[in-house]
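Numbering (the numbering used here), first residue to last: 2 to 170. Ideal placement from N, C-alpha and C gives every residue a C-beta, glycine not left out.
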Amino acid sequence: QYTEQYRQLQQATSVPICTGEDIYLKEGFEPLLRSGGLSVIHPDLLTSGGILETKKIGDMAQDHGVAMAIHMAESPIAAMAAAHVATATENFMALEYHSADVDWWDDIVTGLPKPLVKDGFITVPGKPGLGIDDVVDEVISQHLQPGVTGIWQSTEHWDDEHSWDRTWS
């Protein structure tokens, strides 16, 4: 979507152009990368297709000489997934992080260092999986948005062509 417009914008400026937090799958990024319309891709693991798909997107971007900055405005679980992808992706540039001022954010999970981000870096644990021991439901329950009745809700409305992910983000 807007591939030609991104190409024209990129050619008209020396400012790096970045997009991608709502683009799904590697195939969604391919036209933009082929067009030369981007300097940086910005996939979000939760909307791009997951860990492996985001790694594939990063590798494809590298083939086009484009850096990858991962979009991440979610939980410490998503942050660890993104950190693992970043570690395994050669053209990784930056991981977006918004939770530095949320004092309870690191308490959502156990088993990770606190603070999760120290001096601008996340240490990827050597433990299996993402390195998380447990999710602390009590911490999540204390910080629900108004009108949310529980922490584990149905996601059936994501089963259509349009995911409506802005319900929670």
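Just to confirm the assignment, what range does the alpha helix (DSSP H) spanning residue i have?
| i | result |
| --- | --- |
| Ile152 | Here Ile152 belongs to no alpha helix (DSSP H), and DSSP marks it neither H nor E. |
| His85 | 77-89 |
| Tyr7 | 4-13 |
| Gln63 | 52-64 |
| Ile141 | 138-142 |
| Glu22 | From DSSP, Glu22 is part of no alpha helix (DSSP H); its letter is neither H nor E. |
| Ser49 | 46-49 |
Looking only at its chain, what residues have a beta carbon closer than 7 angstroms to the beta carbon of residue i, apart from the 5 residues adjacent to it on each side?
| i | result |
| --- | --- |
| Ser170 | In this prediction, Ser170 scores a pLDDT of 44, lower than 50, which makes its location untrustworthy; the coordinate-derived value is nonetheless stated afterwards. These residues qualify, in order along the chain: Ala74. |
| Trp105 | Val140, His144 |
| Val146 | Position check: residue 146 holds Gln in this sequence, whereas Val was assumed. Answer for Gln146: no residue qualifies. |
Considering just the uninterrupted stretch of the beta strand (DSSP E) at residue i, what are its terminal residues?
| i | result |
| --- | --- |
| Ile71 | 68-71 |
| Leu96 | 93-96 |
Got a sec? Which residues, its chain only, sit under 6 angstroms from residue i by beta carbon, not counting five neighbours each side?
| i | result |
| --- | --- |
| Lys115 | Asp107 |
Going by the DSSP bridge assignment, what does residue i pair with across the sheet?
| i | result |
| --- | --- |
| Lys119 | Phe122 |
To which residues of the same chain is residue i closer than 8 angstroms at the C-beta, ignoring the five residues directly before and after it?
| i | result |
| --- | --- |
| Leu96 | Ala70, Ile71, Met73, Ala80, Ala83, Ala84, Ala87, Ile123 |
Segment contact flag, the region 5-15 with the region 23-40, C-beta cutoff 8 angstroms, min 3 pairs = Contact between the region 5-15 and the region 23-40 is present, with at least three C-beta pairs closer than 8 angstroms.
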